[in-house]
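Taken in order, the sequence shown gives residues 1 to 212; the numbers are from the numbering used here.
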Amino acid sequence: MEILKDFLHIFVPLFIIVDPIGCVPLFLGLTEGLPEKKRRYLAFKASLVLTFVLAAFALFGDRILLYFDISVASFRVAGGIILLLIALQMIQAQARATKSLPEEEEESRHKEDIAVVPLGVPILAGPGAITTVLVLTGGEPDLSLRLMVIAATVLVALLTFLIFAHAARISKMLGQTGTNLVVRLTGLILAVISVEYMARGLGELFPGWLKG
């Protein structure tokens, strides 16, 4: 049960920040006019890109922090702020500014394969998802934790593929109002998680400050 609890603490924020349900309209827009088989192929490839990018940061992200001499506590505070800003945008059902630029999306419509850019990066494996992985693994030498993060990433990628593979049906079933409602609810959960990240980081930077 303890392992399941730890896994859920990793999986839930990752799934929320990747936000495959909220990305359904964007996926449909980028793949408009393509046959169903091609859409499924792009969904699968984008999910693979998501897995490889986040897994790489789960394994080697702490070296990036070490290279720039950034403490894990400082990154938790900064990461919490970034995630809180994203959460506030989700609560307001706004398009996330940290995802991709309109120019990138427009250019991608003329490409044969949009699964890597912008679908895989930065729409799915964006700054928020990478930040979440770094916060979860930062300062933790335990390989089992990193493998658990990778396992959660694989599950998120699998669910993302299934959601994108049935994007048209989900969009029709939920409608814009339903999609916005789901995004708002998950944004609220993400806001709470981001505050926890910031509180933990501040507690490490200023021991006893939060208690006092």
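Glycine included, C-beta positions come from ideal geometry on N, C-alpha and C.
As the structure is a computational prediction, the values presented were derived from the model and not from experiment.
The Cβ-Cβ distance between V77 and G201 falls below 7 Å. Note on D113: under 16 other CB atoms within 10 angstroms of its CB, so exposed under the neighbour-count rule.
For the set I10, I130, A46, K38, the Cα lying nearest the Cα of D62 is the one of I130. In terms of CA proximity to L83, V135 leads the group V135, F60, T153. Counting every other CB atom within 10 Å of its CB across the protein chains shown gives I170 a total of 16 or more, marking it as buried.
With a cut-off of 8 Å on Cβ pairs, the region 63–74 is not in contact with the region 181–188, counting fewer than three such pairs. Sequence-distant partners of I163 (beyond 5 residues in either direction) whose C-beta falls short of 7 Å from its own C-beta, in its chain, are P20, I21, V24, I170. In the displayed model, A115 falls within a helix according to three-state DSSP. Around the Cβ of L14, a 10 Å sphere holds 16 or more other Cβ atoms; the residue is buried. DSSP, reduced to helix, strand and coil, places P141 outside both helices and strands of the structure shown, so it counts as coil. Taking C-alpha positions only, V149 is separated from L48 by approximately 15 Å. The residue among R39, L42, A152, Q92 with its C-alpha nearest the C-alpha of V18 is A152. Note that the C-beta distance between R146 and L59 is below 7 Å. In the three-state reduction of the DSSP assignment, I189 falls in the helix class. Residue G120 holds the alpha-carbon nearest to the alpha-carbon of T160 among L34, L4, G120. Taking the C-beta atoms as reference points, A157 is found nearer than 7 Å to T51. Assigned with DSSP and collapsed to three states, I21 falls in coil, not helix or strand. Excluding residues up to 5 positions away in sequence, I130, V133, L134 lie with their Cβ nearer than 7 Å to the Cβ of F57 in the same chain.
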